[in-house]
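Colleague: Once you've had a glance at the structure underneath, I'll fire off some questions.
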Amino acid sequence: METALSKKRVFRFAPSPNGLLHLGHALSAILNHDLAAACGGRFLLRIEDVDPARSRPEFEAAIYRDLAWLGLDWETPVRRQSEHLGFYAEALEGLKARGLVYPGFLSRAEVRARAAAREAAGGAWPRDPDGAPLYPTEERDLDRQAALARIAAGAQHAWRLDMDKALALMPGPLDWREEGEGPDGETGAVAARPERWGDVMLSRPDAPVSYHLAVVLDDAAQGITDVVRGQDLFHATAVHRLLQALLGLPAPRYRHHGLVPGPDGKKLSKSNRDTGISAYRERGASPADIRALLAGYGFVLH
Numbered sequence: 001m002e003t004a005l006s007k008k009r010v011f012r013f014a015p016s017p018n019g020l021l022h023l024g025h026a027l028s029a030i031l032n033h034d035l036a037a038a039c040g041g042r043f044l045l046r047i048e049d050v051d052p053a054r055s056r057p058e059f060e061a062a063i064y065r066d067l068a069w070l071g072l073d074w075e076t077p078v079r080r081q082s083e084h085l086g087f088y089a090e091a092l093e094g095l096k097a098r099g100l101v102y103p104g105f106l107s108r109a110e111v112r113a114r115a116a117a118r119e120a121a122g123g124a125w126p127r128d129p130d131g132a133p134l135y136p137t138e139e140r141d142l143d144r145q146a147a148l149a150r151i152a153a154g155a156q157h158a159w160r161l162d163m164d165k166a167l168a169l170m171p172g173p174l175d176w177r178e179e180g181e182g183p184d185g186e187t188g189a190v191a192a193r194p195e196r197w198g199d200v201m202l203s204r205p206d207a208p209v210s211y212h213l214a215v216v217l218d219d220a221a222q223g224i225t226d227v228v229r230g231q232d233l234f235h236a237t238a239v240h241r242l243l244q245a246l247l248g249l250p251a252p253r254y255r256h257h258g259l260v261p262g263p264d265g266k267k268l269s270k271s272n273r274d275t276g277i278s279a280y281r282e283r284g285a286s287p288a289d290i291r292a293l294l295a296g297y298g299f300v301l302h
């Protein structure tokens, strides 16, 4: 039965606790919070901590501290991805059972080396929208039992989506509703082209679920209706739409916003402490100053 709560629009901010939040994170968090408030919706916080090598409790504590200082409030309990690994594993097993994923044994470094060698010889190697070389497709047809034997023997591997098989299951073209703007001004109904990403990784031994798989599962589980995030994730939405279609998940509305530039004009990094929210606070800035600073970059806050 549909309730008044279920009819509300639901927004979320989903940082990873692998560093201190910076101005770009402040922008996304404030936009999600304010848009939810403006429409009488809900604002959720999700901690994306499935990478144990980089996630640290002190950074998670800093996320809560920084967001509270900005004057934001969110529903509790907070969803922490590390507490739902079985949920992600179940979805991955379902894709395995359908023959849509396969184990890939090449490391990222090996793929980069192959691409560099081919390009140095004058050849071409396809790259994804972020510029990374695509994973070669030669392992799609490896003997299944032989591959499983290699895994049992301890071979490092990642589970990858067979993009061709996945796309063959689609009844027609995929798209999404863009209420913001892409890097090249894309808005409205945007055609999804997940094939540009090749055989994306869905799981690896040191990270039991990839960002792509976890984010669509979490958004559906939390009833997210509106995804508001930076333009650096605009093209990745194509992969998310494909996974949503494969898993029978609803598609939220998307609103991608511009990125806050760093001192060098490039995308901000958590490694640059000078642009961290805590650094501004320690220098005596107020939450109103942060909003004014973001507005000065041309961002419209509600």
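Start counting the sequence shown at 1; every next residue gets the next number (the UniProt record's numbering).
In this text, a Cβ means the ideal position worked out from N, Cα and C, and glycines have one as well.
Run through DSSP, which three-state label would Pro103 get?
Modeller: Indexing the sequence shown from 1 puts residue 103 at position 103. Pro103 falls in the strand class under three-state DSSP.
Colleague: Let me know the secondary structure DSSP gives Glu282 once reduced to three states.
Modeller: Counting from 1 along the sequence shown, the entry for residue 282 is found at position 282. Looking at Glu282 - three-state DSSP - the assignment turns out to be helix.
Colleague: Please report how far the alpha carbon of Leu185 lies from the alpha carbon of Trp176, in whole angstroms.
Modeller: As a first step, residue 185 is located in the sequence shown; it is residue number 185 there, counting from the start. As a first step, residue 176 is located in the sequence shown; it is residue number 176 there, counting from the start. The sequence as given places Gly at residue 185; Leu does not occur at that position. So the alpha carbons of these two residues sit roughly 15 Å apart.
Colleague: Count the other C-beta atoms from every protein chain shown that fall within 10 angstroms of the C-beta of Leu148, then say buried if there are 16 or more, exposed otherwise.
Modeller: Sequence index remark: in the sequence shown, residue 148 carries index 148 (1-based). Exposed is the call here.
Colleague: For residue 307, name the three-state secondary structure that DSSP assigns.
Modeller: Limits of the chain in this structure are 1 at one end and 302 at the other, which puts residue 307 out of reach.
Colleague: What does DSSP give as the partner residue(s) for Ser203 in the beta ladder?
Modeller: Here residue 203 is taken as the residue at index 203 of the sequence shown, counted from 1. Bridge partners of Ser203: Trp159.
Colleague: At the level of alpha carbons, what is the spacing between Leu85 and Pro208?
Modeller: Along the sequence shown, read from residue 1 onward, the residue named residue 85 stands at position 85. Along the sequence shown, read from residue 1 onward, the residue named residue 208 stands at position 208. Distance between the alpha carbons of Leu85 and Pro208: 7 Å.
Colleague: With contact counted as at least three CB pairs below 8 Å, one residue from each stretch, are the stretch 24-42 and the stretch 77-94 in contact?
Modeller: no
Colleague: Using the rule of at least 16 other Cβ atoms within 10 Å of the residue's Cβ for burial, across every protein chain shown, is Gly276 buried or exposed?
Modeller: Taking the first residue of the sequence shown as position 1, residue 276 is located at position 276. Buried is the call here.
Colleague: If I follow the unbroken alpha helix (DSSP H) through Ile224, where does it start and stop?
Modeller: Here residue 224 is taken as the residue at index 224 of the sequence shown, counted from 1. Note, Ile224: premise wrong, no alpha helix (DSSP H); not H, not E.
Colleague: Round the Cβ separation of Arg229 and His256 to the nearest angstrom and send it over; I've been treating them as touching at under 8 Å.
Modeller: What you label residue 229 is simply residue 229 of the sequence shown in a count that begins at 1. What you label residue 256 is simply residue 256 of the sequence shown in a count that begins at 1. Sure, about 6 Å apart at Cβ, within 8 Å.
Colleague: What did DSSP end up calling Lys266 once you bin it into helix, strand or coil?
Modeller: Counting from one through the sequence shown, the residue named residue 266 turns up at place 266. Lys266: coil per DSSP, three-state reduction.
Colleague: Out of Pro252, Pro136, Gly248, Ala166, which one is the CA nearest neighbour of Ser107?
Modeller: The residue given as residue 107 occupies position 107 in the sequence shown. Per the Cα distances, Pro136.
Colleague: Just the Cα atoms here: how many angstroms apart are Leu195 and Met163?
Modeller: Residue mapping note: residue 195 aligns to position 195 of the sequence shown, counting from 1. Residue mapping note: residue 163 aligns to position 163 of the sequence shown, counting from 1. Residue identity check: residue 195 is Glu in the sequence provided, not Leu. When rounded, the distance between both Cα atoms is 6 Å.
Colleague: Tell me the DSSP secondary structure of Phe299 in three-state form.
Modeller: Along the sequence shown, one-based indexing puts residue 299 at 299. Phe299 falls in the coil class under three-state DSSP.
Colleague: I need the straight-line Cα distance from Ser210 to Gln156, nearest angstrom please.
Modeller: The count along the sequence shown starts at 1 and reaches residue 210 at position 210. The count along the sequence shown starts at 1 and reaches residue 156 at position 156. Rounded to the nearest angstrom, the two C-alpha atoms are 16 Å apart.
Colleague: By alpha-carbon positions, which one of Ser16, Ala236, Ala245, Val101 ends up nearest to Trp159?
Modeller: Counting from 1 along the sequence shown, the entry for residue 159 is found at position 159. Comparing Cα-Cα distances from Trp159 to each of Ser16, Ala236, Ala245, Val101, the minimum goes to Val101.
Colleague: What span of residues does the beta strand (DSSP E) with Leu45 cover, start to end?
Modeller: Counted from its first residue, the sequence shown places residue 45 at position 45. Per DSSP, the continuous beta strand (DSSP E) segment holding Leu45 begins and ends at 42-47.
Colleague: Determine contact between the stretch 45-59 and the stretch 14-30, defined as no fewer than three beta-carbon pairs at a distance below 8 Å.
Modeller: yes
Colleague: Is DSSP giving Tyr211 helix, strand or coil here?
Modeller: Here residue 211 refers to the residue found at position 211 of the sequence shown. Reduced to three states, the DSSP call for Tyr211 is helix.
Colleague: Is the beta carbon of Thr275 within less than 7 Å of some heavy atom of the ligand GTP?
Modeller: Absence of the ligand GTP from the depicted structure is noted, as is the absence of any ligand whatsoever, leaving it without description.
Colleague: With a CB to CB cut of under 6 Å and the five nearest residues on each side skipped, what residues in its chain are close to Arg127?
Modeller: Within the sequence shown, the letter at position 127 stands for residue 127. The beta carbon of Arg127 sits closer than 6 Å to the beta carbons of Pro133 from its chain, once the five residues preceding and following it are set aside; these are given in chain order.
Colleague: If you draw a straight line from the C-alpha of Gly99 to the C-alpha of Leu243, how long is it?
Modeller: In the sequence shown, residue 99 corresponds to position 99, counting from 1. In the sequence shown, residue 243 corresponds to position 243, counting from 1. Roughly 14 Å separates the two Cα atoms.
Colleague: Note the first and the last residue of the continuous alpha helix (DSSP H) segment covering Val111.
Modeller: The sequence position of residue 111 within the sequence shown is 111, counting from 1. First-last of the alpha helix (DSSP H) with Val111: 108-120.
Colleague: Give the C-beta separation of Arg79 and Gly41 to the nearest angstrom, bearing in mind that I take them to be a contact with Cβ-Cβ under 8 Å.
Modeller: Within the sequence shown, the letter at position 79 stands for residue 79. Within the sequence shown, the letter at position 41 stands for residue 41. No, Arg79 and Gly41 are not in contact; Cβ-Cβ is about 17 Å, not under 8 Å.
Colleague: Gly24 to Val50, Cα distance in whole Å?
Modeller: For the purposes of this step, residue 24 is taken as the residue at position 24 of the sequence shown. For the purposes of this step, residue 50 is taken as the residue at position 50 of the sequence shown. Spanning the two alpha carbons is a distance of roughly 22 Å.
Colleague: In three-state terms, what does DSSP make of Ala166?
Modeller: Residue numbering aside, residue 166 sits at position 166 when the sequence shown is read from its first letter. Ala166: helix per DSSP, three-state reduction.
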